[in-house]
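*Asks:* Once you've had a glance at the structure underneath, I'll fire off some questions.
Protein chains: 2
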Amino acid sequence: MKIIILAGGGGSRLFPLSRTSYPKQFLKLNSNKSLLELTIDRFSTLVKPADMVIVTNQDYVQLVKTELIASNALEAHILVEPVARNTAPAIAFAVRYCIDTLGCEEDEVMFVTPADHIISPVEKFTTNLGQAVVLAESHKIVTLGIKPDSPETGYGYIKAGQPLGSGFKVDSFREKPDRATAEAYLAAGGYYWNSGMFAFTIAGFLEELRAHRGDLYALTTTSLEEMRANFTQMPNISFDYAVAEKSEQVVMLPFLAEWSDIGSWDAVYEVLEKDTDGNALQGDCMQIECSNTLVLGQSRFIAGIGLEDILIVETADVIVVAKKGESQKVKELVSELKANSRLEADEHMTVYRPWGLYTVLSSGQGFKIKQIVVNPGKILSLQMHYHRSEHWIVISGTAEVTTGADIQSLHENESVFIPQQARHRLKNAGSGPLVVIEVQTGSYLGEDDIVRFEDIYGRQDEDRVKGFAAGV
Amino acid sequence: MKIIILAGGGGSRLFPLSRTSYPKQFLKLNSNKSLLELTIDRFSTLVKPADMVIVTNQDYVQLVKTELIASNALEAHILVEPVARNTAPAIAFAVRYCIDTLGCEEDEVMFVTPADHIISPVEKFTTNLGQAVVLAESHKIVTLGIKPDSPETGYGYIKAGQPLGSGFKVDSFREKPDRATAEAYLAAGGYYWNSGMFAFTIAGFLEELRAHRGDLYALTTTSLEEMRANFTQMPNISFDYAVAEKSEQVVMLPFLAEWSDIGSWDAVYEVLEKDTDGNALQGDCMQIECSNTLVLGQSRFIAGIGLEDILIVETADVIVVAKKGESQKVKELVSELKANSRLEADEHMTVYRPWGLYTVLSSGQGFKIKQIVVNPGKILSLQMHYHRSEHWIVISGTAEVTTGADIQSLHENESVFIPQQARHRLKNAGSGPLVVIEVQTGSYLGEDDIVRFEDIYGRQDEDRVKGFAAGV
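Protein chains in written order, with our numbering: chain A, 1 to 472; chain B, 1001 to 1472.
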C-alpha cells in the first residue's frame, strides 16, 4: 500500500495563522505537531515513510521538508506539481509516480488523504484503513464518509445504498446542500459527508479514469516526465467530479473515528481543550469573566473582559476578532486584503527560505530590522542592493561573510557593515544554526531592491535564479 | 485669575493606552491634542499661560513639558508635588505657590480643574468661568455640577438648595450612590454630579481650610519651601472631603457644556465619531458586518467580523478586548497585572526620558533591540553594563559617542560597538533629533544591568543619580 498525501492546498480560512505562503497543513493547532505531521504519523503504524508520497507545489517544498525532519520521515517522497490543478490531476500524477519511480504493480492499493484534517483516535482510523484495503482490492473505488452530527452546508454529501462488505454501495453524491436540504438529510439518515479520502488499486483507478475522463487518462498513461511536461493541459477538476460521482464502482466506508477538517476558527474552537468556562486559551492571555471564547496569541499579551462567544486570533502583524459562528467570513476578509494587495494576506512576518528563515522584527522611517536564521552549511545568494546598506550582527553561531572581494569569519557579538551596491553573501560556517540581526538603513527598503549574481546553489544562470522569490 | 490644573493623577482605567508612567491626561483620544493640551487651550481665551499652574509629580514633568511645547504654553508654571497626596494638599500647595512665587493677593480668584476631562463647546464653559469668578469674589467656594443624564454610580452627587446668583446653595454632598439611589436622584431632579472643578479666592480658600482642616491650614500658612519640606506630613484627603462637604460657603454652578471624564473605554466610545454602523475606528482596521464597536489600533492591522458592542484597544505590547458595558473591569485587569509584577501595567514599549525617549522594538534569545531618540543638545548618562554589549547604528542625525577614553562623531548609517564593561555615553551633537538603533547582545539584558558614573546633567553625586529610573 502507498499513501498519497495531498499537501498542495493554500486555504485562507484560518487566516491570520494560515497565509498563502504558509497554509493550514503546516499549522500546529491542537498539539505541538502540525496537521501534516499528524497526518504522516497517522499512517506510520501501517506503512514506512518510504511508502508515502506527499504531493505539494514548489512554494511549500521547504515547509514539507521541515515537517519530514520533525516527523522523522525523511524517506517519504515529495512530489511537486508543475502547476496547481485540482485533486484529480494531483492524484493521477502521484499514481504515475508510484508506477514509474516506486515500481508499483497494478494491484497495489493507494490510499489518498488530505494533509489538513484532525482525526482521533488513530486506532479507529487504522481499522478503517484495513477495511478500505480489502474493498479496494476487489477493484472498487473506496470513499470514506463521515456520519453527520449537524446540518453542515459546507460539505458534499453521499447517500448510502445497499450494504457491501463493511461499507455501502453509493446511491449518489449530492452537491453542497442548502440549510433545509442538509437538515432533511440529517433527519432522514443514511447520508454521509464526503471526507475527500479515497482508496483504490492502480488498476481500479486507471480503469475508472479511462471510463469517465479519457483526456485525463490519456495524459496519465504516459511517462512521469511526459506527464510533468504536459501538466498544464490537465483539466482543473476534483477527483469527486472526475470519477467518484460517475463511477458504478464506488463504495462508501463509514468513518469510525472523530473527524474535523477544521475549516474555520469555529471548528478549531471545537477541537481544542477548554477550561471550565469553555475558554480555549493559548499564549499569553488573561480572561476576566469570559466564557466560550477562543484566544490564540502568538506575540503579545491579550486580555478579554466580559466576552462571550468571541474568537481572537493574534499574530505579530494581524489581529482577528470574530463573533463565534461568523468565522467563515474570514474568507471575505482575506479577499478584501488581497484586493488591496496587502502583504499580510500572503506572508507572515516570518518567511521560510531554502536556507532557513527570516523574520521582520521592526521597520520605521529609514530602517528595517530582520532576524535571519541560516541552517548549518547553508548559504544565501550572492547579492547586491542599490538603495540600502546592511549592518549584520551575529547573535549566535559562526558566519562567513563575503563583502566585495573580502571574505571574513564573524563570531557571536561581532558585526559587519555592508555598504550600498557592495556584492555580499552570508553563509553559516558553523555546525549549529546561525542567528544574525540585520539592520537595514536607507531611503528605500523594499524586498525588490535586490540583484542576485549567484543563487544559493552557486548557479549563475539568471533564468534559474529568477525562480527565487525576493528576500535576503 | 489663576488656573490650577491638577495633572498628577495616574489612573489605570484606560489601560492599555494609559499606564502608570503615561496616564490619561497625556492621551490623544478625540483629537490630535492630548487631554492636558485641550485643558490648557480651554482657558487660553481668558488667561495667559503664565497664569496657569500645572500641579504634577516628578515622573510626569517631562511629559508635561512636552505638552507645553505642543500647546505653545511654555510660560505655564509646573509645580511638582514632593510626594503624591490627594487633591486638598495639591490645591493648597498650588495656592501657596501663587502667593509666594506669583505674588497673588488675597482676593485673587483661583480656578481648579482636572487635566483629563473632555468639555465642549468651549464657549459655554467660558460662560461658566465668568459666573464662577463672580460668585468666588463674594468669598464663596464654587463647585461646578453636571446635570446627570444617567444613573451613574461612579460619581459623587450634589443636592442643589436655594438659588444663588447663577447657581444654587448646596444642600448636601452625597457619596457615590448605589444603582437604586442613583435612579432615585435622577428621577427626583435637583441632583448634580460633582465635577471636581472649583473656584475660590485665596482668602476664601484659606478661611474655609482654617475652619475645617486646621492641620492642613497650618502646613499651608508657611513658606513654599517649608510646605515642600513638610509635604509628607500632609493628610491624604480630597478637597471635597476636607472642605467642600463641610463648608457653609459652597455654591454649585450648573455646568453648561457637554462634559465627560472619560473614565472608561465605554465613555471613550461615547465621545468619538462613529460611522453609520456605530463603529468608532482608529488605526489600521477593517470591520466586516460589525456594529457599535470601538477599535483603537496603534501598531498593526485589526479585523473585526460579525462583532456587536465590542471594544478593542491595541498597543505594541497589549491587546484588550472587552464587551461594551464591562470596560470598568479594566481596573481589575491592571491590578492583576501589577500583582504579577508585569511591566505592561506600568510602562509602554516607549519610555520617555529627560533626554528624549526609547522604544523596545524587539527582543529574543540573546538580543534586545531599541530605537533611541535623543533630543538636540541632550546627553545620556555616562554608564556601563556588566552583562551586555551594545551595537549602535545611527539612522538619522549626528551622535557624539564616548567609549572609554575615546570620543567620536557618528553620522547617519555609521555604527559603533560598545563592549561589556566599557564606560560609554551617547550625545546628540546635531541640531535635529538623533535616531539610533541599539542592538543589545548578551546572556542578561535586564534594564537593571546599568552602572551610572555621571547623570544626564553631568552630576556625579550618586544619591542624585539614583533618582533616575533604569533605562538607556
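Heads up, the beta-carbon is just placed ideally off N, CA and C, and yes, glycines get one too. All of these numbers come straight from a predicted model, not from anything done at the bench.
Just to make sure I have the definition right: I need the residues of chain A whose C-beta is within less than 8 Å of the C-beta of R1085(B). Which are they?
*Replies:* Within 8 Å Cβ-Cβ: nothing; R1085(B) doesn't reach chain A, min ~31 Å.
*Asks:* Roughly how many whole angstroms lie between the Cα atoms of E207(A) and K140(A)?
*Replies:* It is roughly 10 Å from the alpha-carbon of E207(A) to the alpha-carbon of K140(A).
*Asks:* Just checking, does the region 1432 to 1443 of chain B make contact with the region 1395 to 1404 of chain B on the three C-beta pairs under 8 Å criterion?
*Replies:* yes
*Asks:* Given this structure, state the Cα-to-Cα distance separating A203(A) from T56(A), to the nearest angstrom.
*Replies:* 24 Å
*Asks:* Mind checking whether P82(A) and V320(A) have CB atoms under 7 Å apart?
*Replies:* no
*Asks:* Quick one, which of A7(A), G165(A) and R96(A) has its alpha-carbon nearest A218(A)'s?
*Replies:* Of the listed residues, the one whose Cα sits closest to A218(A) is R96(A).
*Asks:* Less than 7 Å between CB atoms is the rule here; does E1225(B) satisfy it with respect to chain A?
*Replies:* no
*Asks:* So is P1023(B) buried or exposed if we call it buried at 16+ other beta carbons inside 10 Å?
*Replies:* buried
*Asks:* Can you tell which of V330(A), K65(A), M52(A) and L35(A) has the C-alpha that lies nearest to the C-alpha of G356(A)?
*Replies:* K65(A)
*Asks:* If contacts are defined as beta-carbon pairs under 8 Å, then L35(A) and Q25(A) qualify, I think. What distance do you get, rounded to the angstrom?
*Replies:* 5 Å
*Asks:* Just to confirm my understanding: we take G1011(B), look at its own chain, exclude 5 residues before and 5 after, and list those with CB closer than 7 Å. What are they?
*Replies:* S1018, P1023 and K1024
*Asks:* If we cut at 7 Å on Cβ distances, does L542(A) have a partner in chain B?
*Replies:* Chain A is shown only over 1 to 472; residue 542(A) falls outside these bounds and no answer can be derived.
*Asks:* Determine the extent of the beta strand (DSSP E) in which Y1386(B) is found, giving its start and end residues.
*Replies:* No beta strand (DSSP E) contains Y1386(B), which DSSP labels as neither H nor E.
*Asks:* Just to confirm my understanding: we take V465(A), look at its own chain, exclude 5 residues before and 5 after, and list those with CB closer than 8 Å. What are they?
*Replies:* Low confidence applies to V465(A): its pLDDT is 38, below 50, so where it sits in the model is not reliable, and the reading given next is rough at best. Around V465(A): S381, R452, E454, D455 and R459.
*Asks:* What does H1391(B) reach in chain A if we use C-beta pairs closer than 7 Å?
*Replies:* In chain order: I393 and S415.
*Asks:* With DSSP as the reference, please indicate the residues paired to Y1022(B) in a beta bridge.
*Replies:* R1019(B)
*Asks:* Consider the Cβ of L307(A): report whether some Cβ of chain B lies at a distance smaller than 7 Å.
*Replies:* yes
*Asks:* Is it buried or exposed for P1121(B), if we count other Cβ within 10 angstroms and need 16 for buried?
*Replies:* exposed
*Asks:* In its own chain, which residues sit with a C-beta less than 7 Å from the C-beta of N86(A), not counting the 5 before and 5 after it?
*Replies:* Hits under 7 Å: N236, I237 and S238.
*Asks:* So, I118(A) versus I262(A), is the Cβ gap smaller than 7 Å?
*Replies:* yes
*Asks:* Just tell me which of G1442(B), L1068(B) and E1123(B) has its CA closest to the CA of A1007(B).
*Replies:* L1068(B)
*Asks:* For a cutoff of 7 Å on Cβ pairs, would you count K323(A) as touching chain B?
*Replies:* yes
*Asks:* G1130(B): buried (16+ other C-beta within 10 angstroms of its C-beta) or exposed?
*Replies:* exposed
*Asks:* Report the rounded CA-to-CA distance for T1402(B) versus H1391(B), giving the unit in angstroms.
*Replies:* 13 Å
*Asks:* Around the Cβ of H385(A), are there at least 16 other Cβ atoms within 10 angstroms (buried) or fewer (exposed)?
*Replies:* buried
*Asks:* Closer than 8 Å by beta-carbon distance: list the chain B residues that pair up with G11(A), in chain order.
*Replies:* Simply none; closest approach about 17 Å.
*Asks:* Does H77(A) pass the burial test, meaning 16 or more other C-beta atoms within 10 Å, or should it be called exposed?
*Replies:* buried
*Asks:* Output yes or no for whether 7 Å exceeds the beta carbon distance between T1315(B) and Q1298(B).
*Replies:* yes
*Asks:* The alpha helix (DSSP H) spanning P89(A) covers which residue range?
*Replies:* T87 to D100
*Asks:* Could you spell out the range, first to last residue, of the alpha helix (DSSP H) harbouring E1314(B)?
*Replies:* Looking at the DSSP string, E1314(B) is not in any alpha helix (DSSP H); the run it does join, the beta strand (DSSP E), is I1310 to E1314.
*Asks:* Can you tell me whether S31(A) is helix, strand or coil according to DSSP?
*Replies:* coil
*Asks:* For L333(A), go through chain B and note every residue whose CB falls closer than 8 Å to its CB, in chain order.
*Replies:* M1286, I1288, A1303 and I1305
*Asks:* Taking 7 Å as the CB-CB cut-off, is G278(A) touching chain B?
*Replies:* no
*Asks:* By the 9 Å beta-carbon criterion, what residues does the region 435 to 450 of chain A contribute toward chain B?
*Replies:* Listed in sequence order: V435, I437, V439, T441 and G442.
*Asks:* Using a Cβ cut-off of 9 Å, pull out every chain B residue sitting near E326(A), in sequence order please.
*Replies:* I1288, E1289, I1305, G1306 and L1307
*Asks:* Would you kindly report the start and end of the unbroken alpha helix (DSSP H) that includes G1204(B)?
*Replies:* I1202 to H1212
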